[in-house]
Amino acid sequence: MDPPGAGPEAFAPFGERKGADQMNPLKKGCYIARYLGPRVVGLRARVYLANALGSTRRAFRPRPWEDIDLASVMSRQVPTDPADYALFKRGDPPEFLFSLGEPPVVPQEMQDSDSERTPPLDARLDLLAENRCVYFMYTPSPEAIDWHHSPFDDTRGASDKMWCEIPDFDPAQGDLRVLWEPSRAAWSIDLARGRARRLDTATGELFWTWWDSWMAANQPFQGVNWKCGQESSVRMIAAGLGFWAMANDPATTAERWMQFARLAWATGYRVARHIGYAVSQKNNHALSEACGLLLISHLFPEFRAARRWGATGRKVLASELRRQVYEDGSYVQHSMNYHRVMLHVSLLGLRLGELAGDPFDRDLYDRIGRAGEFLHQVMDVDTGRVPNYGHNDGADVLPLSECDFTDYRPVVQAAHFLATGRRLLPTGPWDEDLLWLFGPAALEADRDEHPQPVSTGFEVGGYYTLRRDDSWAMIRCHTYRDRPSHVDPLHLDLWWRGLNILRDCGTYQYYIPGRGDIERYFKSIAGHNTVEIDGRDPIELVSRFLWLPWPKARVRHYEPRNVAAKWFEGEARDYERCGLGVRHRRALVGLAGNVWVIIDDLFARKWHRATVRWHLLDAPWEEQPDEHSIVLSTSEGKLALAFEGDPASAERLAVVRGCDAPGEVQGFGSLYYGRRDPIPTVEATFAISWPQRVVTVVAPGETASASCTERTDQTQRWEIKADGDAWIMDLAKPDRVAERIILDHHAAADEATDSEAGS
Numbered sequence: 001m002d003p004p005g006a007g008p009e010a011f012a013p014f015g016e017r018k019g020a021d022q023m024n025p026l027k028k029g030c031y032i033a034r035y036l037g038p039r040v041v042g043l044r045a046r047v048y049l050a051n052a053l054g055s056t057r058r059a060f061r062p063r064p065w066e067d068i069d070l071a072s073v074m075s076r077q078v079p080t081d082p083a084d085y086a087l088f089k090r091g092d093p094p095e096f097l098f099s100l101g102e103p104p105v106v107p108q109e110m111q112d113s114d115s116e117r118t119p120p121l122d123a124r125l126d127l128l129a130e131n132r133c134v135y136f137m138y139t140p141s142p143e144a145i146d147w148h149h150s151p152f153d154d155t156r157g158a159s160d161k162m163w164c165e166i167p168d169f170d171p172a173q174g175d176l177r178v179l180w181e182p183s184r185a186a187w188s189i190d191l192a193r194g195r196a197r198r199l200d201t202a203t204g205e206l207f208w209t210w211w212d213s214w215m216a217a218n219q220p221f222q223g224v225n226w227k228c229g230q231e232s233s234v235r236m237i238a239a240g241l242g243f244w245a246m247a248n249d250p251a252t253t254a255e256r257w258m259q260f261a262r263l264a265w266a267t268g269y270r271v272a273r274h275i276g277y278a279v280s281q282k283n284n285h286a287l288s289e290a291c292g293l294l295l296i297s298h299l300f301p302e303f304r305a306a307r308r309w310g311a312t313g314r315k316v317l318a319s320e321l322r323r324q325v326y327e328d329g330s331y332v333q334h335s336m337n338y339h340r341v342m343l344h345v346s347l348l349g350l351r352l353g354e355l356a357g358d359p360f361d362r363d364l365y366d367r368i369g370r371a372g373e374f375l376h377q378v379m380d381v382d383t384g385r386v387p388n389y390g391h392n393d394g395a396d397v398l399p400l401s402e403c404d405f406t407d408y409r410p411v412v413q414a415a416h417f418l419a420t421g422r423r424l425l426p427t428g429p430w431d432e433d434l435l436w437l438f439g440p441a442a443l444e445a446d447r448d449e450h451p452q453p454v455s456t457g458f459e460v461g462g463y464y465t466l467r468r469d470d471s472w473a474m475i476r477c478h479t480y481r482d483r484p485s486h487v488d489p490l491h492l493d494l495w496w497r498g499l500n501i502l503r504d505c506g507t508y509q510y511y512i513p514g515r516g517d518i519e520r521y522f523k524s525i526a527g528h529n530t531v532e533i534d535g536r537d538p539i540e541l542v543s544r545f546l547w548l549p550w551p552k553a554r555v556r557h558y559e560p561r562n563v564a565a566k567w568f569e570g571e572a573r574d575y576e577r578c579g580l581g582v583r584h585r586r587a588l589v590g591l592a593g594n595v596w597v598i599i600d601d602l603f604a605r606k607w608h609r610a611t612v613r614w615h616l617l618d619a620p621w622e623e624q625p626d627e628h629s630i631v632l633s634t635s636e637g638k639l640a641l642a643f644e645g646d647p648a649s650a651e652r653l654a655v656v657r658g659c660d661a662p663g664e665v666q667g668f669g670s671l672y673y674g675r676r677d678p679i680p681t682v683e684a685t686f687a688i689s690w691p692q693r694v695v696t697v698v699a700p701g702e703t704a705s706a707s708c709t710e711r712t713d714q715t716q717r718w719e720i721k722a723d724g725d726a727w728i729m730d731l732a733k734p735d736r737v738a739e740r741i742i743l744d745h746h747a748a749a750d751e752a753t754d755s756e757a758g759s
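Here my numbering is used: position 644 in the sequence shown is 644, and no number is missing along the way.
Listed below in structure tokens is the structure:
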């Protein structure tokens with residue numbers, strides 16, 4: 001579910017850049033060739049050339065559904081009379097995730113589990129009966145569905161143009177991602193799940209009411225909902241699951257078997273003829289479209305193109321999985337949500353290979369296993385949530401349980417089972433994914449004796465975690481070899497008792513006509529927990545989704561195993577590379593009692609203004625300006641954040657929440673696409689022209705502080721206090737040539753005991 005970008009707008013200039021001039025075209029072209037590579041540039045050029053020459057328009061000539069002559073697209077021996085074709089399909093259906101017309105029976109204890117999704121399944125089915133659906137797994141439509149209209153901003157997409165003639169970004173059209181959401185057809189999976197749970201709903205009639213409406217409004221290859229091959233593939237996945245569950249319903253008439261076949265063929269044609277563009281994007285588009293081709297060729301082997309489509313899907317899925325999933329299980333798109341999309345389509349694709357009797361190579365299963373383990377290691381065990389990191393467009397390809405959109409336990413459990421044949425997590429509502437994908441026997445499978453997540457470093461992807469008793473942190477430190485989505489060098493996420501205390505702001509929306517400042521905020525350095533210099537980003541946004549040059553950072557020290565204190569040290573030089581000459585080093589220390597210390601060292605050669613930001617859990621807070629701290633009142637108790645600088649203290653310490661002034665957006669978070677909520681954001685601003693150290697303490701309780709108590713030519717001694725406890729930290733004096741920041745650390749009580757013993 002990558003951002004839209006099927007046309008030249010993908011490389012078009014975007015908006016203003018704070019404190020930076022627009023990159024000159026020659027430099028930009030060199031960067032594009034260097035970072036994206038000649039193959040991608042060539043693939044993209046072919047797409048543009050095909051559009052310019054009209055070959056794309058000729059290939060995708062719009063036509064009514066009835067003009068898709070099944071006799072011309074199916075093998076000769078296949079009957080094309082509706083009654084005979086339905087009989088043919090029912091008589092020898094391919095092996096699928098469950099038997100034709102017999103969705104899996106959901107165990108009663110699973111049905112009795114409290115739904116975390118909002119609204120719950122029965123309410124979502126009631127909405128469908130009112131001709132309304134749920135957007136982005138959270139927001140009910142305020143009005144009856146119109147397949148080309150956004151009910152949230154009254155924008156409208158074209159319904160009478162060929163998909164290749166529709167622009168990516170048009171103020172009258174609004175955000176394509178919003179327009180596309182109903183056509184992703186999560187409602188089709190809801191109806192299948194409602195039937196599996198034997199809910200008192202006419203699921204078959206509803207299913208066909210919705211698909212009849214969609215097909216009437218979206219003739220083949222015409223209109224905004226055909227614009228993206230990935231959207232077409234995801235729609236087909238949902239349609240396939242729903243249709244297979246409804247196949248024996250009286251509403252599934254012989255004519256509707258033909259109707260579904262036409263939908264499948266048009267989707268396969270749309271994807272297969274343009275999958276080169278998906279491959280050129282080097283992201284989950286290629287995987288999703290490959291899975292779509294595998295599904296269509298599996299369910300409709302009678303299509304003349306089925307074997308060719310299946311071979312293409314298999315080849316692309318295998319090659320792209322090997323390229324897109326890094327060796328350590330992290331993912332090429334630097335996004336937790338897109339990581340889940342990758343796993344969903346890959347899980348289904350590999351399952352289809354098994355069901356066809358032609359499993360994929362073992363190394364792909366191992367890669368999926370590592371990708372699932374990555375999510376497990378960056379997951380909060382109490383909630384199943386992960387950092388809201390990278391692009392989050394609300395995508396959930398296989399919403400097969402009543403777990404909330406933010407809960408990643410379903411995909412972690414399913415990925416581990418695919419790779420090992422065993423369960424990883426304890427029994428819970430997330431197991432419904434196992435039931436749908438692997439059958440009822442999977443619910444009885446043995447569980448691995450797997451430890452809880454531990455402090456782990458993913459060196460290839462640049463993710464590092466530190467875990468204490470009731471809290472844990474994730475920090476980013478990465479030299480990108482694939483396109484970054486957000487600018488966040490040394491960003492830090494902090495969790496305590498299931499609460500995301502220091503959080504990533506998310507994405508909100510990809511396109512907001514007239515408010516480029518809001519779009520930019522969520523992906524800029526100002527929307528992350530790191531340091532901003534002079535109110536600008538360290539790299540340039542040269543198009544809506546392309547930053548150049550790609551960021552560089554390196555790990556200096558990582559000590560995840562120390563019992564007394566776990567720590568990380570990293571360095572980012574992007575503000576140095578861009579001409580400002582500022583180097584940023586960050587150390588993160590996890591002490592006993594869930595006390596966390598963040599040390600930011602900044603090295604400059606002339607005057608700059610540095611702003612350290614912490615985006616917080618939305619909870620009541622109290623500022624304590626005399627103590628350079630605030631106290632956050634959470635559902636799990638109070639938490640203090642304290643700040644100190646050396647040699648200069650902050651010239652401004654403020655909490656900003658929900659500031660929406662043009663050009664000054666700050667203090668918002670977005671867990672669900674299209675939803676923007678105000679959150680408190682702490683800003684500590686320093687004027688620097690020499691090495692500056694900023695120390696932040698985050699600790700349970702009402703008091704916390706940091707103070708430099710001793711200095712030598714080479715070292716500093718800092719005292720950290722938190723609710724009656726104290727620690728001594730010996731740090732190297734801030735210096736560009738210093739090999740490390742943290743030299744030693746111990747509880748202050750240990751030093752007092754040693755002193756008494758010596759006397």
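Quick reminder that beta carbons are idealized off the backbone N, C-alpha and C, glycines included.
If you're wondering where the values come from, they're calculated on a predicted model, not measured in any experiment.
C-alpha gap between residue i and residue j, whole angstroms
i, j, result
"F98", "R197", "15 Å"
"S455", "Y464", "8 Å"
"R676", "A216", "34 Å"
"E576", "Q377", "32 Å"
"D21", "L548", "The pLDDT assigned to D21 is 46, lower than 50, so where the model puts this residue is not dependable, and the model offers no usable value."
"D448", "R423", "6 Å"
"D122", "R554", "50 Å"
"G157", "C228", "13 Å"
"H746", "V531", "28 Å"
"T345", "S649", "According to the sequence shown, residue 345 is Val rather than Thr. In a straight line, the C-alpha of V345 is about 50 Å away from that of S649."
"P551", "V386", "23 Å"
"W718", "A704", "13 Å"
"A286", "L347", "14 Å"
"I525", "W147", "36 Å"
"V234", "S288", "7 Å"
"I742", "E571", "14 Å"
"R117", "W430", "12 Å"
"P734", "E683", "22 Å"
"V656", "P680", "6 Å"
"P151", "Y138", "15 Å"
Residue from the options with nearest C-alpha to residue i
i, options, result
"G349", "R314, V542, T696", "R314"
"R515", "I68, H148, P171", "P171"
"T507", "S670, W430, I533, E373", "S670"
"D69", "D168, P93, R304", "R304"
"D723", "P38, S543, A706, R497", "A706"
"S297", "D730, R481, M74", "M74"
"R776", "D482, L490, R497, F405", "Lying before the first or after the last residue shown, residue 776 is absent from the chain, which here runs from 1 to 759."
Reduced DSSP secondary structure (H/G/I, E/B, other) of residue i
i, result
"V595", "strand"
"K638", "strand"
"K566", "strand"
"E130", "coil"
"S233", "helix"
"I728", "strand"
"V555", "strand"
"R17", "Its pLDDT being 37, under 50, R17 is placed unreliably in this model, and the value from its coordinates should be taken loosely. Of the three classes helix, strand and coil, the one that applies to R17 here is coil, per DSSP."
Presumed contact (8 Å Cβ cut-off) between residue i and residue j, rounded CB distance
i, j, result
"A186", "A238", "6 Å"
"Q222", "P62", "4 Å"
"P119", "P140", "6 Å"
"E143", "S183", "That pair is no contact at about 16 Å."
"P700", "L639", "6 Å"
Within the chosen definition, does the stretch 310 to 330 reach the stretch 381 to 392 through at least 3 CB pairs nearer than 8 Å?
-> Short answer: they don't touch.
Touching by the beta-carbon criterion (3+ pairs, under 8 Å), the stretch 552 to 571 and the stretch 660 to 670 = Fewer than three beta-carbon pairs drawn from the stretch 552 to 571 and the stretch 660 to 670 are found closer than 8 Å, and the two stretches are therefore not classed as touching.
Would you call the stretch 97 to 111 and the stretch 357 to 366 touching, i.e. three or more CB-CB distances under 8 Å?
-> Output reads no: the stretch 357 to 366 does not touch the stretch 97 to 111.
Does the stretch 737 to 750 come within contact of the stretch 578 to 593, defined as at least 3 CB pairs closer than 8 Å?
-> Result yes; three or more Cβ-Cβ pairs closer than 8 Å.
Counting pairs of Cβ atoms below 8 Å between the stretch 533 to 548 and the stretch 442 to 458, do you hit three or more?
-> No, because fewer than three Cβ pairs between the stretch 533 to 548 and the stretch 442 to 458 fall closer than 8 Å, the two stretches do not touch.
Contact between the stretch 162 to 179 and the stretch 242 to 253: three or more CB pairs below 8 Å?
-> No: the two stretches stay apart, fewer than three of their Cβ pairs being nearer than 8 Å.
Contact the stretch 52 to 67 vs the stretch 249 to 257: 3+ CB pairs below 8 Å = These segments do not touch.
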